[in-house]
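Take the sequence shown: its position 231, counted from the start at 1, is 231 in our numbering, and no numbers get skipped.
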Amino acid sequence: MFEAVVNLCLLADPLLCRDILLPGYEAEQITACTEAIVANPPELSVYLAQYIVAAPHCRAAVAAHPYLEIAPGIFVQKGAIDDATIENQGDVANLGFLIGTQSVAVIDAGGSYTVAENLYRAIRRETDLPIRYVFLTHSHPDHIFGVSLFAHLDAQIVAHHRFETTLAHRYGSYLENFGVRAGRANLLGTFLPHVDITIDGSRAFDIGQRQLVVQSWDNAHSGTDITIRDPETGIVFVGDLIFDEHTPTVDASVLGWRQALTTMQAAPYTTAVPGHGGPVLDWSDAVDPVMAYLDVLITDTRDAIARGDSLSDAVKTIGQSEADNWVLFDLYNPRNATVAYTELEWE
Ligand SMILES: [Zn+2]
């Protein structure tokens with residue numbers, strides 16, 4: 001098998017170069033791949049402002065990473081329980097795809113263009129059907145930096161109605177922080193995604209004999225959370241509304257997140273794919289650990305505020321009884337305590 005790539009070198013740092021995958025030109029023979037590029041040249045102008053762009057060419061395809069088939073036609077990959085590093089290439093969030101009779105839906109695009117390349121190859125190992133939708137569960141970099149790969153296809157990008165404005169404010173700092181940790185070469189080819197379909201409430205998407213129900217949630221984990229449910233199997237991709245192993249991270253609201261989980265507990269889910277950990281959880285076991293952590297955060301924060309503790313003192317105590325239950329606790333709990341304190345001091 002052969003695949004098309006294009007070499008990009010950063011204008012601002014011309015020694016930083018990488019061949020990025022151009023999806024859609026895969027072929028058994030290199031001549032067929034090359035002829036496909038000539039017949040239907042890739043649109044590369046989007047890169048010209050930032051990169052030195054070489055002529056696209058074909059090469060032997062890289063092998064696909066393993067994905068787990070959790071139900072017929074539903075595949076997931078568990079991200080590393082880690083912060084982004086050059087070694088893991090930013091592959092630290094769970095990703096998935098669902099195959100219908102007409103098309104494919106992708107759930108989250110990964111923490112770098114390199115991660116999206118692996119996801120795309122895993123899809124193509126299973127099916128030649130077109131990728132119709134890419135659902136972005138929320139706007140955090142580990143879930144979205146790979147999405148520009150799918151912009152080369154006719155895939156529709158679907159996200160929360162507040163996704164674009166929220167991400168626009170933070171995109172630069174995400175590139176400088178998460179992006180640098182994931183390895184700048186892995187981010188070559190990444191650009192700010194344009195959302196084609198926004199979700200405000202609930203909406204169904206048909207990929208052929210498979211109706212997916214997508215729902216937006218207000219001000220919970222990130223302020224841009226959506227969930228994607230396959231009613232036929234009861235499987236729901238919950239993004240970072242559920243964490244497993246990995247310490248939950250609060251970006252938007254501890255009270256709002258708790259409210260969303262309470263609502264979700266009554267939903268007809270049987271199996272959850274969380275944003276981190278798992279990658280498959282019985283729904284009956286999925287909510288309680290995150291709810292317990294949020295409850296401790298809320299109780300400890302209210303106690304600290306009632307005692308008159310300063311933010312810097314409060315951060316040392318809030319949530320500590322949960323330390324043994326989660327990985328990466330010392331990295332994320334102080335930030336969560338800060339968010340909780342800032343939110344609850346105005347109650
Ligand atoms: Zn997140």
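Quick reminder that beta carbons are idealized off the backbone N, C-alpha and C, glycines included.
Exposure of W346, with buried meaning 16 or more beta-carbon neighbours within 10 Å: exposed
Local conformation of Q77 per DSSP, three classes: strand
Alpha carbon of A204 to alpha carbon of V214, nearest angstrom: 6 Å
Cβ-Cβ distance between Y133 and V158 below 9 Å: yes
Distance cut-off 8 Å: H160 Cβ against heavy atoms of ligand 1: no
Residues sharing a beta bridge with P274, DSSP: G239
E176 versus I86 - alpha carbon distance: 14 Å
Residue range of the unbroken beta strand (DSSP E) whose run includes E3: F2 to L10
Three-state secondary structure (DSSP) of Q211: strand
Closest by C-alpha distance to Y25, when choosing among D285, D244, H57 and V53: H57
Rounded straight-line distance, which links the Cα of A314 to that of V238: 31 Å
Secondary structure of Y133, DSSP reduced to three states: strand
Pick from H143, Q211 and R59 that is closest to A182, judged by C-alpha positions: H143
Ligand 1 heavy atom lying under 8 Å from the CB of D300: no
G172 - containing alpha helix (DSSP H), residue span: F163 to Y174
Cβ pair E3, C33 closer than 9 Å: yes
Neighbour-count burial assignment, L48, 16 or more Cβ in a 10 Å radius: exposed
Pair within 9 Å by beta-carbon distance, V147 and T127: no
CB contact flag (E117, I20, <9 Å): yes
Limits of the unbroken alpha helix (DSSP H) element including G256: V254 to Q265
Assigned secondary structure, A292 (DSSP; H/G/I helix, E/B strand, else coil): helix
Option in A151, V273 and W283 with minimal Cα separation from V195: A151
Exposed unless 16 or more other CB atoms sit within 10 angstroms - verdict on Q102: exposed
Which of helix, strand or coil DSSP assigns to I37: helix
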